[in-house]
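The sequence shown begins at 1 in the UniProt record's numbering and counts up by one.
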Amino acid sequence: MSLREVVQRAAAALAPFQRIRQDKEPQILVIDNDEIHRSIISKVAARAGFLPVQASDCGNVVRQTLLNEFDCATLDMSLGEREGAEVLLHFSICKFHAPVQILSGADADATARGYELGRRLGLTMMEPLTKPVDLGVLRDQLGSVAQHWRDRRAHATAA
Numbered sequence: 001m002s003l004r005e006v007v008q009r010a011a012a013a014l015a016p017f018q019r020i021r022q023d024k025e026p027q028i029l030v031i032d033n034d035e036i037h038r039s040i041i042s043k044v045a046a047r048a049g050f051l052p053v054q055a056s057d058c059g060n061v062v063r064q065t066l067l068n069e070f071d072c073a074t075l076d077m078s079l080g081e082r083e084g085a086e087v088l089l090h091f092s093i094c095k096f097h098a099p100v101q102i103l104s105g106a107d108a109d110a111t112a113r114g115y116e117l118g119r120r121l122g123l124t125m126m127e128p129l130t131k132p133v134d135l136g137v138l139r140d141q142l143g144s145v146a147q148h149w150r151d152r153r154a155h156a157t158a159a
């Protein structure tokens with residue numbers, strides 16, 4: 001069974017249930033197979049104004065995106081042999097519209113291929129960052145996304 005079929009079956013099974021929507025602060029999905037990296041990125045994301053949710057592999061990503069609605073995601077392309085690309089494919093299938101920030105220790109070519117794949121799949125891709133990541137730059141980039149979320153929410157509430 002392909003990833004597309006698994007996602008479609010899971011989405012159909014969960015269709016009667018509403019995904020969890022955090023309205024007080026934006027949610028970010030932090031995807032990295034290294035627990036220490038996930039923890040550091042989650043702390044930076046929290047300082048930038050996000051409520052972080054962590055995922056260590058493609059299976060966790062599928063579960064989290066079926067249950068939660070996210071406003072941003074960070075993705076380590078080197079989750080496994082093809083898992084970074086599979087996550088991008090899953091995001092495309094489930095119509096993930098939030099910005100995706102690739103943070104990868106993979107070689108520059110693999111990171112660039114992941115970025116281009118995301119763009120070709122119609123995803124909102126942020127400029128990729130290579131590990132070790134400058135945490136100040138990451139916080140600023142994520143902070144801009146979180147502020148944009150707050151501005152949209154304030155505008156929608158005022159209307």
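Heads up, the beta-carbon is just placed ideally off N, CA and C, and yes, glycines get one too.
Measuring CB to CB, does residue i end up less than 8 angstroms from residue j?
| i | j | result |
| --- | --- | --- |
| Gly114 | Leu88 | yes |
| Met125 | Val100 | yes |
| Ala98 | Phe70 | yes |
By Cβ distance below 8 angstroms, which residues in the same chain neighbour residue i in space, the five residues on each side in sequence not counted?
| i | result |
| --- | --- |
| Gly80 | Asn33, Asp57 and Cys58 |
| His137 | Per the sequence shown, residue 137 should be read as Val rather than His. Same-chain partners within the cutoff: Leu129. |
| Thr111 | Met77, Ile102, Ser104, Pro128 and Thr130 |
Which residues in the same chain as residue i place their Cβ atom closer than 7 angstroms to its Cβ, once the five residues preceding and following it in sequence are excluded?
| i | result |
| --- | --- |
| Gly122 | Ser92 |
| Arg47 | Arg139 |
| Gly118 | Leu88, Val100 and Met125 |
| Ala85 | Gly114 and Leu117 |
| Glu83 | Asp57 and Cys58 |
Which of the three DSSP states is assigned to residue i in this structure?
| i | result |
| --- | --- |
| Glu5 | helix |
Would you please state the rounded distance, in angstroms, between the beta carbons of residue i and residue j? I believe it to be under 8 angstroms.
| i | j | result |
| --- | --- | --- |
| Ala73 | Ile41 | Their Cβ separation, rounded to whole angstroms, is 11 angstroms, which puts Ala73 and Ile41 out of contact at 8 angstroms. |
| Asp140 | Ser104 | Not confirmed; about 19 angstroms, so no contact. |
| Phe50 | Gln64 | Not quite, the Cβ-Cβ distance comes to about 14 angstroms (not below 8 angstroms), so this is no contact. |
| Val53 | Leu29 | 5 angstroms |
| Ala108 | Ser78 | Not really, about 12 angstroms apart at Cβ, beyond 8 angstroms. |
Output needed for residue i: all residues of its chain with C-beta closer than 6 angstroms, excluding positions within five of it in sequence on either side, in chain order.
| i | result |
| --- | --- |
| Arg150 | none |
| Arg38 | Val30, Asp32 and Gln54 |
| Ser142 | The sequence shown places Leu at residue 142, not Ser. Result list for Leu142: Ala45 and Ala48, in chain order. |
Note down, one range per segment and in chain order, each alpha helix (DSSP H) of at least 4 residues found wholly within the UniProt domain "Response regulatory" (27-146). DSSP runs (the alpha helix (DSSP H)) wholly in the UniProt domain "Response regulatory" (27-146): 35-47, 58-67, 83-93 and 108-120.
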